[in-house]
Structures are given as structure tokens and as C-alpha cells.
Amino acid sequence: EACKQYGELTAELAGTEAHAQSRSQEIRRVAAQRYDDARPAVSSGLSAMKFVPVAAELAVGAQATYSASDGLFSPATVVCVHRDADEVYYTINVDGAERGTVPGRLGSLQPQQLPEGVLAA
Numbered sequence: 100e101a102c103k104q105y106g107e108l109t110a111e112l113a114g115t116e117a118h119a120q121s122r123s124q125e126i127r128r129v130a131a132q133r134y135d136d137a138r139p140a141v142s143s144g145l146s147a148m149k150f151v152p153v154a155a156e157l158a159v160g161a162q163a164t165y166s167a168s169d170g171l172f173s174p175a176t177v178v179c180v181h182r183d184a185d186e187v188y189y190t191i192n193v194d195g196a197e198r199g200t201v202p203g204r205l206g207s208l209q210p211q212q213l214p215e216g217v218l219a220a
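FYI, the numbering used here numbers position 43 of the sequence shown as 142, with every residue one higher than the one before it.
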């Protein structure tokens, strides 16, 4: 019930949030491109980051990393946990905008050691 009321209140701000989200996504894309342009093409045994999905159900207020369909990662906060379907799903806040997502898109970024000479893609 609280999730429904919260959703109704935030729906009024959808236009402003959509613009802010669009701008935020563009900033993240530019930052990711600049990062890709600046890093060396071949690693020297350095670590890369690997996305690891959550293993357990998250609670309201939990912090996680959201894996967007465009391949970018963003910090997210769980706003609501929905259990009215076969699988649990979440309403999350990413960059000031709310969106629904499945557990497989929430997780953490963890360092992963790359072997010598492997491309850091």
C-alpha cells in the first residue's frame, strides 16, 4: 500500500524526472567513453571490474549497482520490493528516476584479475 501511494506521488514529477534521467544517461555515456579512450588497450595483470548479480533478496533502502541494458552501471537504491508476481522484482531509484527491474540487473562490481596480455575490454 505504501508503495502504491509513493508511486502516485512521484508520478506527478515524471516529466522532470524523464528529462533529468535522459541528461544523466548522456553524462554517463560521455564519461564511459572518455574512460575507454583513456585506458590502455592491453592490461599488465591489472584488475578489471566484473558485475556480480545479487544472490539474496534486497530490502527497501538497500544499495546496489544497476546493470542497464546499454552496458552501463549506476548506483541504485531499492525503493520497493514487489512480490505479486512469480518472481520478486524491484522499484529502484537510479540517478533520481524510478524504474522497475528484476534481481538479475542488481548486484555489485567486483575486481577481477586479468592475465598478462589480455585485452581490457
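Just so it is clear, CB atoms sit at the ideal spot from N, CA and C, and this is done for glycine as well.
Only a predicted model underlies this, so the values are computations on that prediction, with no experimental measurement involved.
Helix, strand or coil at residue i according to DSSP, with G and I counted as helix
i: residue 127; result: helix
i: residue 203; result: helix
i: residue 163; result: strand
i: residue 187; result: coil
Cβ separation of residue i and residue j, assumed to be a contact under 8 Å, to the nearest whole Å
i: residue 152; j: residue 205; result: 7 Å
Residues that residue i bridges to, as DSSP identifies them
i: residue 197; result: 192
i: residue 208; result: 150
i: residue 121; result: Beta-bridge pairing links residue 121 to no other residue.
For residue i, the first and last residue of its enclosing beta strand (DSSP E)
i: residue 178; result: 172 to 181
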